[in-house]
Structure formats: structure tokens, C-alpha cells
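Input: a single structure, listed below in C-alpha cells.
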Amino acid sequence: MTRIEGHDKVTGRATYSAEYPIEGVTYAYPVQAGIVRGRITSIDAAGALVLPGVLAVLSSEDPPELAPDADPELALFQRREVAYRGQFVAAVVADTYENARAAAREVRVTYEEDPHDVRLRGDHPGLYRPEKVNPFYPADTEKGDLAAGLAEAAVTVDVTYTTPAVHNNPMEPHATLAVWSGDGDLTVYDSTQGVSTARAMIAKTLGLPAERVRVVCRHIGGGFGSKGTIRPGTMLAVLAARAVGRPVKVALTRQQLFDVTGYRTPTIQRVRLGADADGRLTAVEHEVAEQSSTLVEFAEQTATPARTMYETPALRTAHRLVRLDVATPSWMRAPGECPGMYALESAMDELAIATGLDPVELRVLNDAETEPESGLPFSSRNLVACLLEGARRFGWEGRDPTPGVRRQGRWLIGTGVASSTFPAFRRPSQATATVENGGYVVRVAAVDLGTGARTALTKIAATALGVPPDQVRIELGDSDLPPAPVAGGSMGTASWGSAVVAACEEALRDGKHGAADTTDALKAQQDLARHAFGAQFARVRVDMDTGEIRVSHLLGIFAAGRIIDEQLATSQFVGGMTMGVGMALMEESVIDDEFGGFSNHDLAQYHVPVCADIERIDAAWIEEDDRHLNPMGTKGIGEIGIVGTAAAIGNAVYHATGIRVRDLPITPARLLA
């Protein structure tokens, strides 16, 4: 089905958050901290206030009124302490963007600077065990006797992998337009992945009832998790508009995104595996060290996929966190599973080599009948089917496991495999369906992140109503619509679609209108382990003189429930796999030890993959009928594509060269070293 919003996007009719034609709009531009840690001693705004068009300067000299329990990252200008370089310490509001930016340079901020610490280390004395890791998992788990499992193993692997900080970098930078009405109500046009979530967060920060706030996001140019919650730029627009009594727009620059919109934490991951002589696992241990800011605790759930993947009598996972003088990390596509499966699946490749087993065979041998950590039965688990189908399509049979022996001229050739997984989440959602103008209008406060939610929900509603899709119109992207969860966690279609189906069924019974709330249905669902699975295969070429790496072929085979639309699904899988190439070979946000912050904070220096970097990329899926999920039988597909891709590429690089690089990204410099 052609995307519902496709014509509007290619013709420019689609309105993004910074583009709404609001009368009398003004602009706010932030002043960012020039130190890493310390205290503001004075802010001199005199030079800015005399410039043309300047309306106000916001700072801690006159703190705006906020709720006392506001999130520290969103409580702008409430305190004089600086927690990281780039933190918003003031802002200028002016009649034009150019005037606001020019005036921001004239705000003089002086500091009392303290020593800082911005480097994650495995032996950092500040490492501690958080109470939980995102969103609600225990930080540590243990079953069986790990020491005995390792001691009795015929083969063991004990390796450490690191991943760097990486940034989301959506095509559309974060932007907000805030408008206060005369009676104190607030409308916010925000580039957000969740209008209901954003509404609640803004209201909480301001200390307002939620019904006084409306958030609108009709179109969004990507987010990858960075727009899953509101950021300081959103609150800057809201506070500035209240201060000057006029609409205010904030459009962050690409460089500013690197400071205040989140990133994936760097990780240090130790994986220990034990296996008997036949290759069956006797023990799995996955320990992770990662970072957060001194303002907010954010603990990525990096070791949790080890609790799901392979059968083993002894299993231990652990997370340790250190609070550094850095910006707060946050959600990024497949949080937890993405970095965690890189380490686990790389270690499984090393175990396959140590046991002399084929990497596909090793994974099939250790497939789990029930979820290893919880013991719950799976609603469905077709990992083995993905591995076997992928091996068939990829031409894996007869693969010579010997590394570094296949050459085409100056290129060394290698192949690798890795498994993928991601939870099949679903959250409570509401929706309505109403007969209007000879058709149906379905309303739900979902956000189309660019994934095609309008199209998918149209197909879901049309199927439930028994009418052609052109008789259904979807309204979304407005917090005044029935509340809905965020577009993230690969749970959008499952959550919103469940409510849409229920509302449509009620409309058919009523004849005019149906409304649904899935809260009770979710509470009543059977206690099962619900996950999507997949297998990633990679073929690479490595220049034996320069270490240059080229991805010749990527293949992903997925078991992700019922696929609503083949074209949309292919786009999501391929997009995730493409991001996995970036993770494997080029993406790295480089922290500056002396000055703090990220030194390569633009797309000239922070490299992402483009079409020329991947010669062939294919995605397909196993037909899966899982009756335990939701009315559509779907699992999420937006994130599993990135999971496993980096490990498959790293394993292929080892197969090509005989060199195991355990620190991402795998660059020519690291190979040559």
C-alpha cells in the first residue's frame, strides 16, 4: 500500500514542527556552558539586551517558575551548577533567528571551574549497581552455579568488548514552537515521538494540569529514540514564550543535538561462556559497565538479551553504572539489545571457533525451549528457522571456517553470522472510530515517526471494519486525541493497532461510534515471553594493504509475527541494518577528556553509512502465526534490524583477516594496528 502521507511529503505540504505559520513568532537561541563542571558566578546580559530585536534573556539570574520536582535536565535555569559542557545556561529571545543567535554570543557568563571526569573506565571507583535498568528490569540476575558451569566446561571464552558513545542524528533536527493563549493554555508543536508522553512531561515540569497543555506533531523527520521524551530545547521554547508573551520557536543546530538530545552510552562488556565438548553451553556471564550524567540516572539494559537467547544451566548478568560529568545518555534504536547482542554474538562466534563448530550450528544447538532467565514459555520462537533459512539464502553451506585465506586480488573475503532479538512490547492505548461522511474516521494520539504508521493503521482499521482502505481516514499526532504510547520500543503498531481494532469492532456493533481502552486487556493477557528473533548474515571485503572494509552483502531474516505491509516492513528492516553498518564500521562520538563534550559533533566528522557503503542488502521474514500477541498478530520490526548487524560484520571481518577487533567501530587503523 502506498504511504498515506507520501504525496504530502514529496510535494512539501507536510508540515513539520518548525513550519507552522503562527502569527508574531519569535525565536530563542541557547547559550551553552563553556565549562565541563563548576558553578556560574555571574551572567552579564547587557551586551545582548541592547542589540536590535532582542526581547529577553533567560538565565538563572531570574529563574523561571517550575515545578519543584521537575526533571533536572528540563529544569532550565533553576540552578547555577554546571553538570556538562554544552548544558543550557541562558537563552536569548529575539524577533528573528539571526538576531537571537547574534545576541547569544554577547551574553557573558563567568564560572568557577571544578575538576571534571568524563571517561568511562572498567575500573572506575564510582561504578555502582543501579536499582534497575531501563525500563523496569533488575540490574543483576543469576541462576544456577556459574563457577561450576565454567569449571566443568571443556571450552571457555572470556573476552571484553567495548562500544563507543553514538548519536541518533535524525534527519530533522529537534524543533519546537510554543504558543501560550491568553487564558494560560499552552500549545506546543514539537518534533516528538509521543504527543501524549510529551504533554505529560511538559505539564509535570510546569506544574500544570495536563488538560492545559496540547502537543501537536503531524509529521516528524526521524528520531531513533532521541525524540522519545522531551528535551531541553522543548522546555526552552515553552519558557521563552511564557516570558515574552509571544510564540517562540527553537530549532536546534546539528551541533547542539550532540549536547542536549541524548546518545547511546559507551559500554565495556565482559562476556564469559563455557561449553562442553559437544558445544552445549554450561555457563553464560554478561557484565556491563556504562555511564550516566550527574543530573539524571539513565541505565541502559545492555545485558538483558543474554537472559533471552540461549539455553544454559548457569546464567549471570550484571550492570554497573558511573555518574560522570557528561550529558545524560538516553534511548537509541534498540536500546540494550543493540550493544548487548554485539558483545554476546561476537563471543558466540569466538566460542564456535574454539569448539570447532560452525557458527550457525552452535546457535541452533543452544536454542532455548523456554526463556532461559525467567523460565517462561515463548509465545513463539523461530530463531532456528531464521538461521537455517538465512544460511540457505546466503549460500552458507560448505563455508570454510579458516580465517584469512580467501582473496580476490588485493581483497580478503569473509562471512559472518549473528542472531537478533527484541522484545514484543505492547502498552495501553485508546482509540475511537466514528462513521463520518460515508466512511470511518479513526482517531488515536499515535505519532508517525516516518515508519508508515498512518498507512499501517489504515490497513488495520480497514480490515477490522471490512471496508476498503480508502473509506478509512486516520487522525493522529495530537495529544487532544485518545491517549497513546510513544512511537518507540517497537511497540507502536501493536499498542495502537490493538486499540484501533477494538474501537472499530465497537463501531460496527454500535453502528456509529466506537471507543476502546486496552488497559484491562493487557492486564489479563497470559504470562509469556514475547520476543521477535532474527538472523543476520554479512559478507565483507577487506583491503589487505589499507585495511579498508567494504560490505558486499547483508542479509537479514526475521521472525516478527504477522507483517502488516511488506513495503513498510522491508524499509524498516533495511533501515535498521543500515544503522548497524554505521555502528560496526564508522559511528563514534569522541569524548574530549580535557574540554569535555563530543569533539566530532557534526555530520562532516561523525560518519554515517550511505548507499555506496553497502553493495547489496536484503531483508526477508519467516511467516509466523502467534495468537498470543494482539489482534493483528504483530511483533515490532523497527528495532530488530539493527540488532546483530554489527556482530555479523565484525565476525565477517575476523573471518576475512584472522584479526579480532573487539572495540567498535572497526576502522582501518584498528585493523592495521
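Numbering (my numbering), first residue to last: 13 to 685.
Cβ coordinates follow ideal geometry from the N, Cα and C atoms, glycine included.
query                                                                                                                 : result
Simplified DSSP state of K535, which is helix, strand or coil                                                         : helix
A112 (DSSP reduced to helix, strand or coil)                                                                          : helix
Among R419, R276, A57, the one whose alpha carbon lies nearest that of E73                                            : A57
Buried versus exposed, by CB contacts within 10 Å (16 or more), M183                                                  : exposed
Within the stretch 183-263, ranges of the alpha helix (DSSP H) (whole runs, at least 4 residues)                      : 207-218, 244-256
Selection from A397, G546, V48, V602 that minimises the alpha carbon distance to F585                                 : G546
CA nearest to the CA of P415, picked from D135, R49, H667, A190                                                       : H667
For F437, three-class secondary structure by DSSP                                                                     : coil
Between the CA atoms of H640 and L293 - distance to the nearest angstrom                                              : 29 Å
Buried versus exposed call for L684 [16 or more other C-beta atoms within 10 Å across all chains shown]               : exposed
The stretch 32-41 contacting the stretch 184-201, beta-carbon criterion three pairs below 8 Å                         : yes
Boundaries of the beta strand (DSSP E) in which G451 is found, first to last residue                                  : 451-455
Any beta strand (DSSP E) of 3 or more consecutive residues that is wholly inside the stretch 63-129                   : 66-71, 100-106, 120-125
Ordered list of beta strand (DSSP E) runs contained in the stretch 491-553, each at least 3 residues                  : 525-529
Limits of the unbroken alpha helix (DSSP H) element including Y666                                                    : 657-669
Neighbourhood of T679 by C-beta distance below 8 Å, restricted to the same chain and skipping five residues each side : G559, L597, M598
Of the listed residues S305, Y322, A301, nearest to P348 (C-alpha basis)                                              : Note that residue 348 corresponds to Gly in the displayed sequence, not to Pro. Ranking the options by Cα distance to G348, first place goes to A301.
Nearest residue (CA-CA) to Y354, options P142, E323, F310, H298                                                       : H298
For I55, the three-state DSSP class (helix, strand or coil)                                                           : strand
T277 vs Q303 beta-carbon contact at 8 Å                                                                               : yes
Rounded C-alpha distance that separates S432 from T320                                                                : 11 Å
Simplified DSSP assignment, three categories, for I280                                                                : strand
C-alpha distance - R422 paired with T204, whole-angstrom precision                                                    : 47 Å
Under 8 Å between C-beta atoms of G138 and V334                                                                       : yes
Three-state secondary structure assigned by DSSP to E297                                                              : strand
Close-in-space but distant-in-sequence residues of the same chain around L220 (CB under 6 Å, 5 per side omitted)      : none
Cα-Cα separation, I569 to G59                                                                                         : 60 Å
Euclidean distance between Cα positions of Y109 and K261                                                              : 9 Å
Simplified DSSP state of Y149, which is helix, strand or coil                                                         : strand
Per-residue burial, K524 [other beta carbons within 10 Å of its own, 16 or more giving buried]                        : exposed
Cα-Cα separation between D630 and M589, rounded to whole angstroms                                                    : 9 Å
Proximity winner among V66, D482, V101, relative to P42 (alpha-carbon distances)                                      : V101
Rounded Cβ spacing between K647 and G573 (contact assumed at less than 8 Å)                                           : 4 Å
Boundaries (first-last residue) of the alpha helix (DSSP H) holding F585                                              : 578-597
Environment of N449 [buried if 16+ CB atoms lie within 10 Å]                                                          : exposed
Closest by C-alpha distance to L264, when choosing among R258, A215, T273                                             : T273
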